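Going from the sequence shown to our numbering is simple: count from 1 and add 72. Step one of this worksheet: look at the structure below.
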Amino acid sequence: MPEAPTPAFAADLKDRIRAIVGAAGIVEDADAITPLLSEPRGLFTGAAAIVVRPANTEEVAGVVKACAEAGVPVVPQGGNTGLCGGATPDPDGSQVLLSLSRMNAIRELDEMDFTITVEAGCILQNIQGAAEEADRLFPLSLGAEGSCQIGGNLSTNAGGINTLRYGNARDLVLGIEVVLPDGRIWNGLKRLRKDNTGYDLKHLFIGGEGTLGIITAATCKLFPRPREEISAICAVRDVAGVIELLSRLRTGTGDQISAYEFIQRFGIHLAIKHINGVRDPFDQAYENYALFRASAGRADSGLRDIVEETLGQAYEEGLVLDAAIAESEGQAKDFWRIREAVVEAQIPEGGSIKHDVSVPVSRIAEFIERAHVAVAETIPGARPCAFGHAGDGNIHYNVTQPEGVDKAEYLEQWHKLNHVIHEIVVAMDGSISAEHGIGQLKRDELVYFKPALDLELMRGVKGVFDPAGLMNPDKVL
Numbered sequence: 073m074p075e076a077p078t079p080a081f082a083a084d085l086k087d088r089i090r091a092i093v094g095a096a097g098i099v100e101d102a103d104a105i106t107p108l109l110s111e112p113r114g115l116f117t118g119a120a121a122i123v124v125r126p127a128n129t130e131e132v133a134g135v136v137k138a139c140a141e142a143g144v145p146v147v148p149q150g151g152n153t154g155l156c157g158g159a160t161p162d163p164d165g166s167q168v169l170l171s172l173s174r175m176n177a178i179r180e181l182d183e184m185d186f187t188i189t190v191e192a193g194c195i196l197q198n199i200q201g202a203a204e205e206a207d208r209l210f211p212l213s214l215g216a217e218g219s220c221q222i223g224g225n226l227s228t229n230a231g232g233i234n235t236l237r238y239g240n241a242r243d244l245v246l247g248i249e250v251v252l253p254d255g256r257i258w259n260g261l262k263r264l265r266k267d268n269t270g271y272d273l274k275h276l277f278i279g280g281e282g283t284l285g286i287i288t289a290a291t292c293k294l295f296p297r298p299r300e301e302i303s304a305i306c307a308v309r310d311v312a313g314v315i316e317l318l319s320r321l322r323t324g325t326g327d328q329i330s331a332y333e334f335i336q337r338f339g340i341h342l343a344i345k346h347i348n349g350v351r352d353p354f355d356q357a358y359e360n361y362a363l364f365r366a367s368a369g370r371a372d373s374g375l376r377d378i379v380e381e382t383l384g385q386a387y388e389e390g391l392v393l394d395a396a397i398a399e400s401e402g403q404a405k406d407f408w409r410i411r412e413a414v415v416e417a418q419i420p421e422g423g424s425i426k427h428d429v430s431v432p433v434s435r436i437a438e439f440i441e442r443a444h445v446a447v448a449e450t451i452p453g454a455r456p457c458a459f460g461h462a463g464d465g466n467i468h469y470n471v472t473q474p475e476g477v478d479k480a481e482y483l484e485q486w487h488k489l490n491h492v493i494h495e496i497v498v499a500m501d502g503s504i505s506a507e508h509g510i511g512q513l514k515r516d517e518l519v520y521f522k523p524a525l526d527l528e529l530m531r532g533v534k535g536v537f538d539p540a541g542l543m544n545p546d547k548v549l
């Protein structure tokens, strides 16, 4: 890696960058800079030689080219909602932090093409809103959608609750525009559904976490807006039953299940305990819950009848122990608020060691059982909070500290417990990062678990695009 610039050299570079982006493109207020230097959980905090907010792709290219010529690393940042330190600069203050937040224009929405072209700094919720105004659906949806930016979503290949039906962020993209590490602009903003002319280069940058280049714009797919949506929450016999119910619902509805979530009782308990307005969905407590949404393109599709019939049959067979189908939009929001509250409620309960993992859907029950045993053996008294996107195999297997222990001491065991859980995941042909990426947090785990040939190929790709190692260095690899 290049050495940090000397103060005099850094001053020269700052002058050059200022000339490219203007005064509005430089962040100098300390209160504005501070939150950009840490990831949301506070696991990583850095410093920056300068914080830049370019207004357009040409300014991004100019800044990156200037840094490349000066041998100064660049750390791109979207909404800074990622949880793996992938957008946090190093602590030595030698890197340029480049925020895409000013690039927030929706360049084009084509209703007939079912596409929307957006700049990287667009807030995800605003893209959803623009699609809705055009009677279309942009299905990417996740907890941070009110502040996360589409460039970051694509750079980490974000997932969210609708992956079961619509796929990850990668599956929603037709083309992208990228500033390469040397400052050149690659214009891959195509709207083609089919283009079989060689390597599909966009997929190197989507999920690349800014290590190969900076995504500055994207053309994304839109879909017909659902006319009927049905949300339901069910108490299910066991974890294996959650997956069996999913299979029945997918088959019965003709794969019209758009979201399917799994929550164990401890998560529900924390949500009720700590989050105002969250109520128990049933009169008694159960151990395992399934929360799902089915959607159809017609208001009179008969989808509700199919869902009721499927749940009724499952109830008669003892697979479903209790169930509630939302009778209004407000009740549906209450159901989904439970899922959101599980995330929030872990904070006041104390230290929580997180795992964002995936296994084959059919092996979720096996994973939960093995992980619970491993936690009990590794940290006696620790309390697993298992929930997540069961429809695509992505489980957020978080572990809350034992009652009465010191939070800081407990969190010191983060990497040890991560490794224990990741060993189980990899042994089950799973992934140690389902949707949050690698960043800094899982870099060493990636080296440990990823096959040597995979790492060799990844480093080879990195070397082709960024031979000087200046683009978001020390992330992923």
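Note that the Cβ used here is the ideal one computed from N, Cα and C, for glycine as well. Just so it is clear, the structure is predicted and the values come from calculations on it, not from any experiment.
Nearest candidate by alpha-carbon position, reference residue i, set the options
i	options	result
R309	F295, H341, L383 and A289	L383
P353	H494, A398, L196 and P161	A398
R265	E204, P545 and D243	D243
G157	V136, M175 and P112	P112
Y554	H487, N470, G369 and F338	Outside the modelled stretch of the chain, which goes from 73 to 549, sits residue 554, for which no answer is possible.
R365	I195, T160 and D327	D327
G285	T129, K547, K293 and D538	D538
V492	V447, V471 and K479	V447
F439	G423, P456 and Q485	P456
V548	K522, V536 and E495	K522
Q221	L236, V471, C194 and E449	C194
A96	S171, L318 and K534	S171
V475	P432, A138 and G423	In the sequence under discussion, the amino acid at residue 475 is Glu, which differs from the Val named in the question. Nearest C-alpha to E475: G423.
P432	I315, T117, Q197 and G114	I315
Delimiting residues of the alpha helix (DSSP H) encompassing residue i
i	result
N466	No alpha helix (DSSP H) holds N466; the beta strand (DSSP E) holding it covers N466 to T472.
P420	E401 to E421
V136	T129 to A142
T325	V311 to T325
R179	From DSSP, R179 is part of no alpha helix (DSSP H) but of the beta strand (DSSP E) over I178 to D182.
V447	I436 to T450
A386	L375 to E388
V498	W486 to A499
I504	From DSSP, I504 is part of no alpha helix (DSSP H); its letter is neither H nor E.
V123	It is not in any alpha helix (DSSP H) - V123 instead sits in the beta strand (DSSP E) that spans I122 to V124.
E281	Premise fails: E281 is in no alpha helix (DSSP H) and is neither H nor E.
I105	A102 to I105
L109	No alpha helix (DSSP H) holds L109; DSSP gives it neither H nor E.
L518	R515 to F521
For residue j and residue i, the rounded distance between their alpha carbons
i	j	result
M543	D103	26 Å
G453	D394	30 Å
E217	G224	11 Å
P211	D84	45 Å
L529	Y520	15 Å
I504	A177	34 Å
H468	G280	22 Å
R435	V392	20 Å
T160	P545	10 Å
N360	H427	19 Å
F295	A437	33 Å
A368	R411	22 Å
R90	L246	34 Å
R531	P126	29 Å
A540	G143	8 Å
Q336	A371	32 Å
S173	A192	8 Å
R322	V311	17 Å
V379	E300	13 Å
A133	V250	9 Å
D377	G509	39 Å
According to DSSP, residues forming a beta bridge with residue i
i	result
F334	A362 and G460
N259	E249
Q149	S171
R208	P296
Q221	I195
D394	A307
T189	E180 and T291
V536	According to DSSP, which records beta bridges pairwise, V536 is partnered with nothing at all.
A368	E300
Closer than 8 Å: residue i CB and nearest the ligand MN heavy atom
i	result
L284	By its list of ligands, the structure shown contains no ligand whatsoever, and the ligand MN lies outside what it can speak to.
Residue interval of the beta strand (DSSP E) (run including residue i)
i	result
K293	I286 to K293
D428	D428 to S430
V350	Element bounds for V350: n/a, residue is neither H nor E.
Validate contact between the stretch 390–407 and the stretch 458–478 using beta carbons, cut 8 Å, 3 pairs:
With a cut-off of 8 Å, the stretch 458–478 and the stretch 390–407 do not count as touching, because too few Cβ pairs lie within range.
Check whether the stretch 336–356 and the stretch 410–421 touch, using three or more Cβ-Cβ pairs below 8 Å as the test.
Contact holds between the stretch 336–356 and the stretch 410–421, because three or more Cβ pairs, one in each stretch, are under 8 Å apart.
When you compare the stretch 157–169 with the stretch 111–125, are there three or more beta-carbon pairs, one atom per stretch, that lie closer than 8 Å?
Proximity of the stretch 157–169 to the stretch 111–125 meets the contact definition, three or more beta-carbon pairs being nearer than 8 Å.
Does the pairing of the stretch 141–157 with the stretch 98–113 give three or more beta-carbon distances under 8 Å?
Contact holds: three or more Cβ-Cβ distances are below 8 Å.
Please confirm if the stretch 222–240 is in contact with the stretch 272–279, defined as three or more CB-CB distances below 8 Å between the two stretches.
Yes, the stretch 222–240 is in contact with the stretch 272–279.
Determine, using beta-carbon pairs with one atom in the stretch 482–492 and one in the stretch 197–206, whether at least three such pairs fall under 8 Å.
The stretch 482–492 vs the stretch 197–206: no contact.
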